[in-house]
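For the sequence shown, the working numbering gives the first residue as 4, with consecutive numbering after it. Glycine included, each C-beta is placed from N, C-alpha and C at the ideal position. Here is the structure we will look at, set down as structure tokens.
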Amino acid sequence: MADHTKDRIIVALDVPTAEEARMHIADLRDSVGAFKIGLQLFTVAGAGFVRETVKDGIKLFLDVKFHDIPVTVANASVEATRLGVWMFNIHAIGGSEMMSRTVESVKEVCEKENLRRPKIIGVTVLTSSNRVTLKQVGLEMNVADQVLNLANLSKSAGLDGVVASPNETEIIRKNVSRDDFLIVTPGVRLGNVENDDQKRVMTPGEAILGGADYLVIGRPILQAEDKLEAVRQIIENIRSESI
Ligand code: C5P
4 MADHTKDRII
14 VALDVPTAEE
24 ARMHIADLRD
34 SVGAFKIGLQ
44 LFTVAGAGFV
54 RETVKDGIKL
64 FLDVKFHDIP
74 VTVANASVEA
84 TRLGVWMFNI
94 HAIGGSEMMS
104 RTVESVKEVC
114 EKENLRRPKI
124 IGVTVLTSSN
134 RVTLKQVGLE
144 MNVADQVLNL
154 ANLSKSAGLD
164 GVVASPNETE
174 IIRKNVSRDD
184 FLIVTPGVRL
194 GNVENDDQKR
204 VMTPGEAILG
214 GADYLVIGRP
224 ILQAEDKLEA
234 VRQIIENIRS
244 ESI
């Protein structure tokens, strides 16, 4: 059976210029599954960079976390679909109507314009939030309950999956009843790497074992002395810990 371990790795292109991003893509494209463009790079390099990268055959996750009134998010999602991204995300806290209208609009444009349907992923609770942060904005739930609540809402609205920290993958797998529901997980680290600002960390293998489908990894790869060696160690860790 072919080993698709590398396909689980999404490299976060958290860099300030398109030039730097292109360099990382060139170095890593054969060794990982996909790349993620977030708010920083998208703000500076924009749709042009996305188009160019997609045209070059790269699987791109547009991580700009849409959150607005339903029609605005649905329309922005249609444009993301036209750009050809492989995956994009929207804030689940935007609510059921915002999510289901997005799913519907994306489906429609794909049928009409013969486009590939991107995976639509719900953002649950940001990893930088804790119970205090939730309370400040009027949410009395603990983080795990809120993650589960939003994961179920995302599923009911027809989304393909959610973003969630390694700590919440197991609870989602156990309680969200859909086998093909995707979990995209940031915040993984190999034991020998500094933890940057990731507060609660797991190894790649532990995260996969806990139920993650895709791992979003940035600094441990981009800031490594040898990026390909960092990827090799991550793949090795997944193979040895999650089997
Ligand atoms: O920490 P690392 O550089 O691997 O981060 C990769 C991605 O993970 C970031 O682009 C961000 O979206 C996400 N992240 C997160 N929580 C953190 C740090 C990063 O969700 N505390």
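Can you list, in chain order, the residues of its chain with a C-beta nearer than 6 Å to that of residue i? Leave out the 5 residues immediately preceding and following it.
{"i": "F45", "result": "V67"}
{"i": "V112", "result": "V81 and T84"}
{"i": "A15", "result": "K39, V219 and G221"}
{"i": "P250", "result": "The structure shown has nothing for residue 250, since the chain only spans 4 to 246."}
{"i": "M101", "result": "P73 and V76"}
Taking just the CA atoms, how far does residue j sit from residue i?
{"i": "E22", "j": "K62", "result": "18 Å"}
{"i": "M26", "j": "V53", "result": "15 Å"}
{"i": "L142", "j": "D163", "result": "25 Å"}
{"i": "D30", "j": "K9", "result": "14 Å"}
{"i": "I123", "j": "I12", "result": "18 Å"}
{"i": "K115", "j": "N78", "result": "15 Å"}
{"i": "A24", "j": "I93", "result": "23 Å"}
{"i": "N145", "j": "L137", "result": "8 Å"}
{"i": "M90", "j": "P121", "result": "5 Å"}
{"i": "M205", "j": "T75", "result": "36 Å"}
{"i": "G213", "j": "T172", "result": "6 Å"}
{"i": "A147", "j": "I174", "result": "8 Å"}
{"i": "L118", "j": "F69", "result": "20 Å"}
{"i": "A37", "j": "G60", "result": "10 Å"}
{"i": "S180", "j": "I211", "result": "18 Å"}
Assuming the contact rule is C-beta atoms closer than 8 Å, residue i and residue j should be a hit. Round their C-beta distance to whole Å, please.
{"i": "S103", "j": "A160", "result": "4 Å"}
{"i": "L151", "j": "N133", "result": "Not really, about 16 Å apart at Cβ, beyond 8 Å."}
{"i": "L153", "j": "I96", "result": "6 Å"}
{"i": "L231", "j": "S99", "result": "Actually they are not in contact, since the Cβ atoms of L231 and S99 sit about 43 Å apart, beyond 8 Å."}
{"i": "Q149", "j": "V128", "result": "5 Å"}
{"i": "V234", "j": "D216", "result": "Actually they do not touch by this definition, with Cβ atoms about 18 Å apart."}
Can you name, in chain order, every residue of its own chain whose Cβ lies under 8 Å from the Cβ of residue i, other than the five neighbours on each side?
{"i": "L86", "result": "A50, V53, R54, V57 and L65"}
{"i": "V18", "result": "A24, H27, Q43, L44 and L225"}
So, at 7 Å on beta carbons, what are the nonlocal neighbours of residue i in its own chain, with the 5 sequence-adjacent residues on each side left out?
{"i": "S157", "result": "A95, M102, G125 and V165"}
{"i": "R32", "result": "I61"}
- Task: Enumerate, from N- to C-terminal direction, the unbroken alpha helix (DSSP H) stretches of 4 or more residues contained entirely within the stretch 50 to 95.
- Result: 73 to 86
- Query: Hey, which unbroken runs of the beta strand (DSSP E) at 3 residues or more fall wholly within the stretch 138 to 201?
  - Reply: 164 to 166 and 185 to 188
- Task: Scan the stretch 97 to 127 and note each continuous beta strand (DSSP E) run of 3 residues or more that stays entirely inside, going in chain order.
- Result: 122 to 126
- Please list the segments of the beta strand (DSSP E) lying wholly inside the stretch 197 to 244, counting only runs of 3 or more residues, in order along the chain. 217 to 220
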